[in-house]
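Peer 1: In this note's numbering, the protein residues as written are 1096 to 1140.
Backbone N, C-alpha and C fix where the C-beta goes; we use that ideal spot for every residue, glycine too.
Small disclaimer: the values here were computed from a predicted structure and weren't measured.
Take a look at this one; I'll ask things after.
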Amino acid sequence: AIIPYTYEHTNFRDIQPGDTVNLEFDIIGKYIARYAKLYAGRGGE
1096 AIIPYTYEHT NFRDIQPGDT VNLEFDIIGK YIARYAKLYA GRGGE
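Next comes the structure, spelled out in structure tokens:
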């Protein structure tokens, strides 16, 4: 979901279905790395 402030103050309101967008995955990567570390610590069970 897009925060209303972000929607109003960026070009999100101009994006149409099918438009190309750039997504930053830094936060998602951190979550994946943390999960992988926790999973490995359990012996991969």
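(1) With Phe-1107 and Ile-1097 assumed to form a contact (beta carbons below 8 Å), what rounded beta-carbon distance in angstroms separates them?
(2) So Thr-1101 is in the alpha helix (DSSP H); what residue range does that whole segment cover?
(3) At the level of alpha carbons, what is the spacing between Arg-1129 and Asp-1109?
Peer 2: Reading from the atomic positions:
(1) Numbered from its first residue, the sequence shown carries residue 1107 at position 12. Numbered from its first residue, the sequence shown carries residue 1097 at position 2. 5 Å between Cβ atoms; contact.
(2) Numbered from 1 along the sequence shown, position 6 holds the residue referred to as residue 1101. 1099-1104 is the span of the alpha helix (DSSP H), which, as asked, contains Thr-1101.
(3) What you label residue 1129 is simply residue 34 of the sequence shown in a count that begins at 1. What you label residue 1109 is simply residue 14 of the sequence shown in a count that begins at 1. Approximately 35 Å between the Cα atoms of the pair.
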